[in-house]
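Read left to right, the sequence shown gives residues 435 to 598 (this note's numbering).
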Amino acid sequence: IPDRSKSSGINAEYGHYFKQINLSTIKMSAANPKKQMAEAYVQKHRIPELFENMTAALIHTQPENAKKFMIKYLETLKQFRDEKGDYPSMFTDANITAVFGMLDVTSKGFISMEQYRSALKTLGIKKYNARPEGCEKDQISLSTFLTEAKAGLSVASANFVKLS
């Protein structure tokens, strides 16, 4: 399992708090089917990402009752999975807008594609629209950036496989 504590975004800032699930320490041979099944299960259900995101949210929020917070976090994920609520994200529209503002230092109302890609990666978004509105002119507006960042954060924060 890759060490996600070195990834960009909030997880990079708090990476030293994360304890990764390291299945390589299990004393089984690489050809062992149990180890392969365990690795496949952990990856399929995005367990490392779940704990990374939940730990980052805990550190960011620092609630009095961490256990209640984690229960609420998992309930919110379930609600989002069932498409009845908002995904749990530490980034609000105001946060995303502030990131855009830091990149649009001349207040032109747009950022470049390079800035767009870099900002999304900094927010911890790995999967994003590579050709958003405005990419042809190398001018990504705040509206487009906000839409794309929220969509990317939604995917990054989901931590589940949609049930069919």
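Each residue gets a CB set at the ideal place from its N, CA and C atoms; glycine is no exception. Remember, it's a predicted structure, so these values are computed and weren't measured experimentally.
Query                                                                                                                    : Result
With Arg551 as the anchor, note down where its alpha helix (DSSP H) starts and where it stops.                           : 547-556
Please state whether the Cβ-Cβ distance between Val533 and Leu557 is less than 8 Å.                                      : yes
Quick check on Thr526: buried or exposed, where buried means 16 or more other Cβ atoms within 10 Å of its Cβ?            : exposed
Starting from Lys469 and walking both ways along the alpha helix (DSSP H), at which residues does that stretch end?      : 467-478
Taking its Cβ as the centre, do 16 or more other Cβ atoms sit within 10 Å of Tyr475, making it buried, or is it exposed? : exposed
Secondary structure at Ser575, three-state DSSP: helix, strand or coil?                                                  : strand
So Val533 is in the alpha helix (DSSP H); what residue range does that whole segment cover?                              : 527-537
Taking buried to mean at least 16 other C-beta atoms within 10 Å of its own C-beta, is Pro482 buried or exposed?         : buried
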